[in-house]
Amino acid sequence: MSKTTKTLAGSLLLATLSASVLAAPQTNSSASSIKAGVAFDQGFGVTAQFNNKINAFIGNDGVSADYLFKQGAFNSDIPINWYVGVGGAINWDDHDHDNSYAVRVPLGASIPFAKSWDVYGQVAPDLAFKDRHNDNNDFTFGVDVALGVRYGF
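Under our numbering, think of the first position of the sequence shown as 92, with each following residue one higher.
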């Protein structure tokens, strides 16, 4: 699969996710329903968050999407929010030109630093299936790390 085809497939995945999330009813009017920014996750790319529940990313090395099922604040005096989710990632920029498909559990924190802006970081342990061109396919455990900044609309 060419890099252009993979990028288009990732874009289609993000468009599908965003359409379904935008159609969902709003429960918290004080929070930004859409946040967008830049990040380093599957390489360098763009990130989005929808309704504080779905994180999505598309970059030069792959695409990922996560559903955040648990969120909270460390302390009401300090504006650091934490989250736990479940999601998946497709990585297509392996040095051996192999693709990997992963299920992951992101654990992260976000810090609002200005009106409508936040910075976030996360670690995401994953189980990935490596689709090797030499037919030596296997499963591997790994940890993805992400860091990004977003603006809420």
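By construction, the Cβ of each residue, glycine as well, lies at the ideal position given by its N, Cα and C atoms.
What you are looking at is a predicted structure, and each value in this text was computed from that prediction instead of being measured.
Short CB-CB distance (under 9 Å) between residue i and chain C
i: residue 233; result: No chain C appears in the structure shown, which is made up of a single protein chain.
Beta carbon of residue i nearer than 9 Å to that of residue j
i: residue 211; j: residue 127; result: no
i: residue 261; j: residue 172; result: For residue 261 there is no data in the structure shown, the boundaries of the chain being 92 and 244.
i: residue 134; j: residue 157; result: no
i: residue 214; j: residue 237; result: yes
Collapsed DSSP secondary structure at residue i in the structure displayed
i: residue 152; result: coil
i: residue 142; result: coil
i: residue 244; result: coil
Residues near residue i by beta carbon distance below 7 Å, same chain, minus five either side
i: residue 229; result: 221
i: residue 233; result: 217 and 219
i: residue 140; result: 126, 146 and 241
i: residue 170; result: 202 and 203
Bounding residues of the beta strand (DSSP E) (the contiguous stretch that carries residue i)
i: residue 319; result: Only positions 92 to 244 of the chain appear in the structure, and residue 319 is not among them; the question remains open.
i: residue 173; result: 169-182
Neighbourhood of residue i by C-beta, 6 Å cutoff - its chain only, sequence neighbours within 5 removed
i: residue 159; result: 144, 174 and 176
i: residue 181; result: 153, 154 and 192
Taking only runs that begin and end inside the region 185-240, name each unbroken beta strand (DSSP E) of 3 or more residues, in chain order. Runs of the beta strand (DSSP E) inside the region 185-240: 190-195, 198-205 and 208-222.
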